[in-house]
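Worksheet: one structure, shown below.
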Amino acid sequence: MLLSLIGQEPIYGYQLIKEIGKRSGGYFQFKEGTLYTALHRLEREGLIEGKWERLSNGQERRYYYLTKTGRCVLDEKRDEWRGFSAAVNLVTERANTG
Amino acid sequence: MLPKLRQYLARVKSCSRLDPTAESEIVRELQTHFEDEIGELCQTGLSTTEAADVATKRFGAPEALGRQIYEVYSKGTWSQALLAAIPHFLLALTFYFHLWQNNFWLLTTALVVVAVTLYAWRHGRPSWFYSWLGYSLLTLFVIVFLVLLAVGQGLSRFMLGSGMQWVVMAAYVPVALCLLGYAIVCVVRRDWLLASFMLLPFPAIIVWLFALEQGVGLVAYGKGGLPGGAHGVAFTFLALGGAAGTFIRLRQRLLKTAVLAVAMLLILAIVWRFAESNINPLISLFVSFCFIIFLLSPCLLQNRVVHRGSEIEAWDEACLGQAVRKT
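Protein chains in written order, with this note's numbering: chain E, 20 to 117; chain R, 6 to 332.
Spelled out as structure tokens, the structure:
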């Protein structure tokens, strides 16, 4: 989920939390501290890269970018998820019709 | 910064035990998050203090966050593990190939150890640095010892009689202990486990000196070399290198502590096997127990150092409170 959001556009921690909350309609709510642990774990694994950038108001924020390895992992995970959700749909649809 | 936030970030820092570079980077990032969140909460009508309370609650317990951050950064890469093992391997090579009598090799090794330590000191003090720091301290102790020995010999020959040599040497022990104590306290401020990691070669060297003295005697070994013991010493440092590499690769603190304790037992087993003296197994067991206690003693010191740190913080808070009341 994090890789997917970062893959769409470079984003910083606070924005990421807001975006997850907005897109999931408030479904995903977690302790904000754990987001940073997850981001730093992904960065240590070389899937994302953090860079300090200056905003128009002069403040600095740490933006996260997806790396090449991160892009490959994201594609793999997407395929896995599509396969999994398609299989779940097939099973539940048959159960409903049966 | 608001006192609430400062306290929160200080607790995160003390539990994450990171090197200064990574620590300042993470704290800065968390700070920017709080800036954004408090700004947004203030727009809903909360005061800055109330907003800070809400923001820190949303973030979760600082200790839990610090521990999570520690676990992200505590596991080093294979290259970092190798870097941590190299100084031990250098000493293993020195003894395995009988290079310990070659002055050029010893001087080069000492220079490399000190240079790498200084380099790592200036580049964020990563975990592997503490392995090199231990050997740099040993180098310093040996140099001071040799200088004092020369001074003592000079004084006893030309001026003050043979007793002066022992007086000068007696002054060396407390100075060396104070220096070691100071280094331990400095490292414990970050993490007691790294202080234990730094101390790893000390028990090995002490136990070998003791074993050799119990055998033919250190002076005889100094003149005639270490015919059988050299390989034993080399294996000891090889084992320490393996332990150092494993320590860096592990993530959990408990496992890291266990590696240090096992390394001590392994050293004693190697010394017992290779030393040319008959060391009583019961004494060996007692000595290994003492060394494990010695190696883990920085843990007790950490409580005192951290406690002192929090006292200063409390005093700081009190001063801030008084200043606010006065205005």
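C-beta: ideal position from N, C-alpha, C; glycine also.
Can you give me the C-alpha to C-alpha distance between Asp98/E and Val107/E, rounded to a whole angstrom? Rounded to the nearest angstrom, the two C-alpha atoms are 14 Å apart.
Tell me whether the segment 264 to 274 of chain R and the segment 127 to 138 of chain R touch, counting them as touching only if at least three CB pairs, one residue from each stretch, are closer than 8 Å. Look at the beta carbons and you see the segment 264 to 274 of chain R not touching the segment 127 to 138 of chain R: under three pairs across the two are nearer than 8 Å.
Measuring straight from C-alpha to C-alpha, what distance separates Arg60/E and Glu68/E? One alpha carbon belongs to Arg60/E, the other to Glu68/E, and they sit about 11 Å apart.
For Ala181/R, which option in Leu205/R, Val238/R, Leu290/R and Leu145/R has the closest C-alpha, if you only look at C-alpha atoms? Per the Cα distances, Leu145/R.
Bounding residues of the beta strand (DSSP E) (the contiguous stretch that carries Arg73/E): It spans Ile67 to Arg73 - the beta strand (DSSP E) in which Arg73/E sits, taken as one unbroken run.
Please go through the same chain and pick out, in chain order, the residues whose beta-carbon is closer than 7 Å to the beta-carbon of Arg80/E, but skip the five residues on each side of it. So the qualifying residues of the chain are Tyr31, Glu72 and Leu74.
What are the residues of the segment 241 to 258 of chain R that lie near chain E, defined by any Cβ-Cβ distance shorter than 8 Å? For the segment 241 to 258 of chain R, which is checked against every Cβ of chain E, not one residue is closer than 8 Å.
Name the chain E residues that come within less than 8 Å of Phe64/R, Cβ to Cβ? Residues of chain E with a Cβ closer than 8 Å to the Cβ of Phe64/R are, in chain order, Lys50, Glu51 and Gly52.
With 8 Å as the threshold, decide whether the Cβ of Glu34/R is near any Cβ in chain E. Cβ-Cβ to chain E under 8 Å: yes for Glu34/R.
Whose C-beta lies closer than 8 Å to the C-beta of Pro25/R among residues of the same chain, with five residues either side of it excluded? The residues are Gly129 and Arg130.
With DSSP as the reference, please indicate the residues paired to Glu79/E in a beta bridge. Paired residue(s): Arg73/E.
Assuming Phe296/R and Pro206/R make a contact with CB atoms under 8 Å, what is their CB distance in whole Å? That pair is no contact at about 12 Å.
Which residues of the segment 148 to 162 of chain R have a Cβ closer than 8 Å to any Cβ of chain E? Give them in chain order. For the segment 148 to 162 of chain R, which is checked against every Cβ of chain E, not one residue is closer than 8 Å.
Just to make sure I have the definition right: I need the residues of chain E whose C-beta is within less than 8 Å of the C-beta of Ile43/R. Which are they? Neighbours of Ile43/R in chain E, taken as residues whose beta carbon is under 8 Å from its own, are absent, since the nearest beta carbon is some 11 Å off.
Based on DSSP bridge pairs, tell me the residues matched to Tyr31/E. Here Tyr31/E is bridged, per DSSP, to Tyr82/E.
My understanding is that Ala57/R touches Lys9/R, with C-beta atoms under 8 Å, so please give their C-beta distance in whole angstroms. Right, the Cβ-Cβ distance comes to about 4 Å (below 8 Å), so this counts as a contact.
Of all Cβ atoms in chain R, is any one closer than 8 Å to the Cβ of Gly32/E? Using a Cβ-Cβ cut-off of 8 Å, Gly32/E counts as an interface residue toward chain R, since at least one Cβ of chain R sits closer than that to its own.
If the criterion is Cβ atoms closer than 8 Å, does the pair Leu85/E and Leu35/E meet it? No, they are not a contact pair.
State yes or no: is the C-beta of Trp171/R nearer than 7 Å to some heavy atom of the ligand FMN? Absent from the structure shown: the ligand FMN. Ligands present: none.
At a CB distance below 9 Å, what residues from the segment 68 to 89 of chain E approach chain R? Give them in sequence order. From the segment 68 to 89 of chain E, only Gly69, Trp71, Gln78, Glu79, Arg80 and Arg81 have a Cβ closer than 9 Å to chain R.
Roughly how far, in whole angstroms, is the beta-carbon of Lys50/E from the beta-carbon of Phe39/R, given that I think they are within contact range, below 8 Å? Incorrect: roughly 14 Å between the Cβ atoms, too far for contact.
Please state whether DSSP places Gly101/E in a helix, a strand or coil. It should be pointed out that residue 101/E corresponds to Arg in this sequence rather than to Gly. DSSP places Arg101/E in the helix class (H, G or I) of the three-state scheme.
Residue-chain proximity (Tyr46/E, chain R), Cβ-Cβ < 8 Å: For Tyr46/E, no CB of chain R lies under 8 Å from its own CB, so it is not counted at the interface with that chain.
Just to check my reading of the structure: Tyr33/E and Glu42/R have Cβ atoms closer than 8 Å, yes? What is that Cβ distance to the nearest angstrom? That belief holds up - the Cβ atoms of Tyr33/E and Glu42/R are roughly 7 Å apart, short of 8 Å.
Interface flag, Ile275/R vs chain E, CB-CB below 8 Å: Taking 8 Å as the CB threshold, Ile275/R stays off the interface with chain E.
Which same chain residues end up closer than 7 Å to Glu62/E when comparing Cβ atoms and leaving out the 5 residues on each side of it in sequence? A distance below 7 Å between beta-carbons, with the five flanking residues on each side excluded, links Glu62/E to the following residues of its chain, in chain order: Glu68 and Gly69.
Please report the distance separating the alpha-carbon of Leu70/R from that of Val310/R. Each residue's alpha carbon lies about 21 Å from the other.
Are Arg254/R and Ala86/R touching if we call contact CB-CB under 8 Å? In contact: Arg254/R and Ala86/R (Cβ atoms closer than 8 Å).
From Glu34/R to Ala27/R, what distance separates their C-alpha atoms? Taken atom to atom, the span from the alpha-carbon of Glu34/R to that of Ala27/R is near 11 Å.
Give the DSSP-derived three-state secondary structure of Gln257/R in the structure shown. Coil at Gln257/R, not helix or strand.
Closest residue to Leu104/R among Gln257/R, Val238/R, Arg256/R and Leu290/R (Cα-Cα distance): Checking every option, the nearest Cα to that of Leu104/R belongs to Val238/R.
Excluding the five sequence neighbours on either side, which residues of its own chain have a C-beta within less than 7 Å of the C-beta of Tyr78/R, listed in chain order? If we look at Tyr78/R and ignore the five residues flanking it on each side, its Cβ neighbours are Leu23 and Ala27.
Would you check if the distance between the CB atom of Leu14/R and the CB atom of Gln36/R is smaller than 8 Å? Using a Cβ distance threshold of 8 Å, Leu14/R and Gln36/R count as a contacting pair.
Could you give the distance in angstroms between the alpha-carbon of Arg127/R and the alpha-carbon of Val92/E? Distance from the CA atom of Arg127/R to the CA atom of Val92/E, rounded to whole angstroms, is 35 Å.
Uninterrupted beta strand (DSSP E) stretches inside the segment 119 to 192 of chain R (no shorter than 3 residues): As far as the segment 119 to 192 of chain R is concerned, it has no whole beta strand (DSSP E) run of at least 3 residues.
Chain E contact for His38/R (CB, 8 Å cutoff): His38/R has a beta carbon lying within less than 8 Å of a beta carbon in chain E.
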